[in-house]
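Enquirer:
There are 2 protein chains.
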Amino acid sequence: MTSPAGSQTTARAPAPHQHLELAVSTVVFSLRPGPAQDRPTLWLPLVRRIRDPFCGRWALPGGPLEDHHDLAASARETLKATTGLEPRHLEQLYAFGDVDRSGQTDQRVVSIVYWALVRPEEDAEADHGDNVAWFPADETLRRHEDGTAPLAFDHGVILRYALQRLRAKITYSPIAHAFLPEEFPLTRLREVYEAILGRDLDPSNFRRQVLAQGSVESTGRRMTGTNHRPPLLYRSAPNRSRYTLTIEENP
Amino acid sequence: MTSPAGSQTTARAPAPHQHLELAVSTVVFSLRPGPAQDRPTLWLPLVRRIRDPFCGRWALPGGPLEDHHDLAASARETLKATTGLEPRHLEQLYAFGDVDRSGQTDQRVVSIVYWALVRPEEDAEADHGDNVAWFPADETLRRHEDGTAPLAFDHGVILRYALQRLRAKITYSPIAHAFLPEEFPLTRLREVYEAILGRDLDPSNFRRQVLAQGSVESTGRRMTGTNHRPPLLYRSAPNRSRYTLTIEENP
DNA sequence: CACCCTTCAGGTTGACATGACTTTATGATG
DNA sequence: CATCATAAAGTCATGTCAACCTGAAGGGTG
Numbered sequence: 001m002t003s004p005a006g007s008q009t010t011a012r013a014p015a016p017h018q019h020l021e022l023a024v025s026t027v028v029f030s031l032r033p034g035p036a037q038d039r040p041t042l043w044l045p046l047v048r049r050i051r052d053p054f055c056g057r058w059a060l061p062g063g064p065l066e067d068h069h070d071l072a073a074s075a076r077e078t079l080k081a082t083t084g085l086e087p088r089h090l091e092q093l094y095a096f097g098d099v100d101r102s103g104q105t106d107q108r109v110v111s112i113v114y115w116a117l118v119r120p121e122e123d124a125e126a127d128h129g130d131n132v133a134w135f136p137a138d139e140t141l142r143r144h145e146d147g148t149a150p151l152a153f154d155h156g157v158i159l160r161y162a163l164q165r166l167r168a169k170i171t172y173s174p175i176a177h178a179f180l181p182e183e184f185p186l187t188r189l190r191e192v193y194e195a196i197l198g199r200d201l202d203p204s205n206f207r208r209q210v211l212a213q214g215s216v217e218s219t220g221r222r223m224t225g226t227n228h229r230p231p232l233l234y235r236s237a238p239n240r241s242r243y244t245l246t247i248e249e250n251p
Numbered sequence: 001m002t003s004p005a006g007s008q009t010t011a012r013a014p015a016p017h018q019h020l021e022l023a024v025s026t027v028v029f030s031l032r033p034g035p036a037q038d039r040p041t042l043w044l045p046l047v048r049r050i051r052d053p054f055c056g057r058w059a060l061p062g063g064p065l066e067d068h069h070d071l072a073a074s075a076r077e078t079l080k081a082t083t084g085l086e087p088r089h090l091e092q093l094y095a096f097g098d099v100d101r102s103g104q105t106d107q108r109v110v111s112i113v114y115w116a117l118v119r120p121e122e123d124a125e126a127d128h129g130d131n132v133a134w135f136p137a138d139e140t141l142r143r144h145e146d147g148t149a150p151l152a153f154d155h156g157v158i159l160r161y162a163l164q165r166l167r168a169k170i171t172y173s174p175i176a177h178a179f180l181p182e183e184f185p186l187t188r189l190r191e192v193y194e195a196i197l198g199r200d201l202d203p204s205n206f207r208r209q210v211l212a213q214g215s216v217e218s219t220g221r222r223m224t225g226t227n228h229r230p231p232l233l234y235r236s237a238p239n240r241s242r243y244t245l246t247i248e249e250n251p
């Protein structure tokens with residue numbers, strides 16, 4: 001076998017019993033009021049399967065890779081078509097391709113999975129019938145793992161990994177802004193972090209940290225009509241982080 | 001489009017002019033003496049292409065995805081077949097699938113790229129003729145980017161990304177051990193870090209850090225036959241890091 | 001308008017991590 | 001036994017971070 005990556009070998013004959021399919025899916029997160037209205041929590045949209053295998057179960061939005069679309073563009077397209085969402089932040093998560101993950105013996109599906117963040121305003125617009133719905137992320141994962149309401153395919157594993165990645169990434173990268181509108185008081189931003197990390201943060205220390213690292217900048221204006229001292233409004237600052245790796249899906 | 005991820009849609013007709021191919025490639029890193037023998041540097045194996053497109057250029061080892069092998073297993077298999085290497089650490093890097101990356105208009109290649117670390121002992125064993133050779137990583141990247149010796153396909157982009165990922169990951173994860181034999185003095189480990197980060201580290205502070213975080217444990221034994229005070233030998237400790245995400249390719 | 005309530009905004013303190021540097025230990029060598 | 005080379009441990013100044021404290025600035029209420 002001397003054929004290197006990106007090989008042009010055209011003679012690769014798939015085993016007659018397995019057909020290879022390349023799909024693109026996306027784990028979309030949004031922040032919404034939790035069950036008790038204590039703290040906002042992460043939600044994600046799922047699509048109900050209308051054919052076998054896993055007919056009736058919920059699955060991540062996605063579809064086959066579209067020709068003449070790059071991977072990220074294909075994720076965006078498919079996501080818009082299935083759910084109407086156009087996320088602000090989109091990033092590749094992982095490629096899943098275990099032999100047996102398709103749920104059918106005569107077919108193998110390799111999925112390039114993306115994860116995305118949308119703002120709450122963008123949540124509601126789509127009405128795609130009762131085959132698309134939003135679910136609380138942690139509860140969905142819990143009910144998948146205890147067998148109460150399992151997801152289709154290996155999408156439970158994917159969801160768990162996406163949650164881990166989000167929680168890890170938010171500690172070193174200013175992605176939290178993607179959940180918020182253009183201008184926001186620092187308390188909103190802190191609530192995003194608290195929701196994702198699942199614990200309270202000291203308002204004072206949070207302010208100091210986020211200002212020191214320079215991921216936000218003040219607009220100079222203040223919020224009005226508050227019941228208390230009006231907070232300054234901030235916007236997300238142009239990214240000068242050293243952590244940004246060069247592969248960027250966000251134009 | 002209601003077909004969710006992992007879709008079973010069998011009716012997807014590829015555009016007649018483009019054939020879709022799924023490949024698996026690996027960026028393998030090893031530590032070897034540098035050009036000047038000051039400090040060891042990163043090297044990687046490349047494979048010379050023997051057909052168009054990019055005939056004669058060097059490319060990452062890889063090949064088409066093998067049926068009845070999971071993605072990581074396919075990477076291991078293909079790597080062993082092309083270079084004889086069986087890396088100690090293997091991890092998925094990224095999926096590359098831009099429409100035009102194959103260098104041919106009638107074909108589209110999506111590559112799932114892995115990256116791997118091997119120990120120097122494992123380097124040399126393979127003799128696959130003059131179509132497989134080792135190159136210094138940084139110099140290869142430089143000569144790709146200034147046009148002196150461009151790599152095939154988009155493998156320059158891939159190499160740059162892999163180097164970034166390695167340098168980022170070594171700061172928060174104990175992967176450096178994968179370059180070393182079972183037992184090693186801390187100075188060896190420090191040299192690995194120095195080579196990858198490209199700067200000297202204080203031996204004393206390095207020792208304190210690495211012992212405090214517990215990624216290595218002492219064997220109790222010492223090196224013998226040294227020209228100086230014999231150092232203690234350490235081995236890598238069972239991973240108790242919180243940073244390890246759940247998708248593990250390393251059995 | 002005096003007073004209270006709430007949240008904003010900035011400051012202080014102590015525990016701990018990090019970087020630069022110094023000192024002592026231990027084997028081989030001649 | 002003096003010397004050499006490196007290991008291993010200790011010292012000290014500085015920086016960072018969580019926890020806590022204090023005052024500021026609005027609206028609401030009587």
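For the record, the sequence lines run as chains B and Y.
Using the UniProt record's numbering, read the first sequence as starting at 1 and increasing by one per residue.
Using the UniProt record's numbering, read the second sequence as starting at 1 and increasing by one per residue.
Glycine included, each C-beta is placed from N, C-alpha and C at the ideal position.
For Arg88/B, which residues from the same chain have a beta carbon less than 7 Å from its beta carbon, with the 5 sequence-adjacent residues on both sides left out?
Expert: Leu117, Val118, Arg119, Ala178
Enquirer: Can you check whether the C-beta of Leu71/B is within less than 7 Å of a C-beta belonging to chain Y?
Expert: It does; some Cβ of chain Y falls within 7 Å.
Enquirer: From what residue to what residue does the beta strand (DSSP E) around Pro181/B run?
Expert: Segment: none, Pro181/B is in no beta strand (DSSP E) and carries neither H nor E.
Enquirer: Just the Cα atoms here: how many angstroms apart are Arg190/Y and Leu211/Y?
Expert: 12 Å
Enquirer: In the DSSP assignment, find the unbroken alpha helix (DSSP H) run with Ala72/B in it and report its ends.
Expert: 71-83
Enquirer: Apart from the five residues on each side of it in sequence, which residues of its chain come closer than 7 Å, Cβ to Cβ, to Leu31/Y?
Expert: Pro40, Leu42, Pro120, Phe179, Val192, Ala195
Enquirer: Any chance the region 98-118 of chain B sits against the region 156-170 of chain B, with 3 or more Cβ pairs inside 8 Å?
Expert: Counting Cβ pairs under 8 Å, three or more are found: they touch.
Enquirer: Flag this pair as yes or no: are the beta carbons of Glu182/B and Leu233/B separated by less than 7 Å?
Expert: no
Enquirer: By the criterion of Cβ-Cβ separation under 8 Å, what are the contact partners of Ile112/B in chain Y?
Expert: Ala95, Gly97, Val110
Enquirer: Looking at C-beta atoms only, is the number of pairs between the region 70-83 of chain Y and the region 137-148 of chain Y that lie closer than 8 Å three or more?
Expert: no
Enquirer: Note down, in chain order, each residue of its chain lying with its Cβ closer than 7 Å to the Cβ of Glu249/B, except the 5 sequence neighbours on either side.
Expert: Ala72, Leu90, Glu91, Gln92
Enquirer: For Pro230/Y, does the count of other Cβ atoms within 10 angstroms reach 16, so buried, or fall short, so exposed?
Expert: Here Pro230/Y is exposed, its C-beta having fewer than 16 other C-beta atoms within 10 Å.
Enquirer: First and last residue of the beta strand (DSSP E) that includes Tyr161/Y?
Expert: Careful: Tyr161/Y lies outside any beta strand (DSSP E), inside the alpha helix (DSSP H) at 155-169.
Enquirer: By Cβ distance below 7 Å, which residues in the same chain neighbour Gln18/Y in space, the five residues on each side in sequence not counted?
Expert: Asp106, Gln107, Arg108
Enquirer: Pull out every residue of the region 213-238 of chain Y whose Cβ sits closer than 9 Å to any Cβ of chain B, in chain order.
Expert: none
Enquirer: Quick one: which chain Y residues come within Cβ less than 7 Å of Leu22/B?
Expert: What Leu22/B touches in chain Y, judged by beta-carbon distance under 7 Å, is Leu20, Leu22, Val110, going in chain order.
Enquirer: Would you mind reading off the limits of the alpha helix (DSSP H) that contains Pro150/Y?
Expert: Premise fails: Pro150/Y is in no alpha helix (DSSP H) and is neither H nor E.
Enquirer: Buried or exposed: Asp154/B, going by 16 or more other Cβ atoms within 10 Å of its Cβ?
Expert: buried
Enquirer: Does chain B have any CB closer than 7 Å to the CB of Ser3/Y?
Expert: For Ser3/Y, the predicted model reports a pLDDT of 36, less than 50, meaning its position is unreliable and no value from the coordinates is stated.
Enquirer: Given Arg188/Y, which residues of its chain have a CB within under 8 Å of its CB, disregarding the five upstream and five downstream residues?
Expert: Here the set comprises Leu180.
Enquirer: Can you list, in chain order, the residues of its chain with a C-beta nearer than 6 Å to that of Arg221/B? Leave out the 5 residues immediately preceding and following it.
Expert: Cβ within range, chain order: Leu233.
Enquirer: Does DSSP put Glu21/B in a helix, in a strand, or in coil?
Expert: strand
Enquirer: Just the C-alpha distance for Asp98/Y and Val27/B, rounded to the nearest angstrom, thanks.
Expert: The alpha-carbon atoms of Asp98/Y and Val27/B are separated by roughly 21 Å.
Enquirer: Near Glu21/Y, which residues of its chain fall below 8 Å by C-beta distance, leaving aside the five closest residues on each side in sequence?
Expert: Pro64, Ser102, Gln107, Arg108, Val109, Val110
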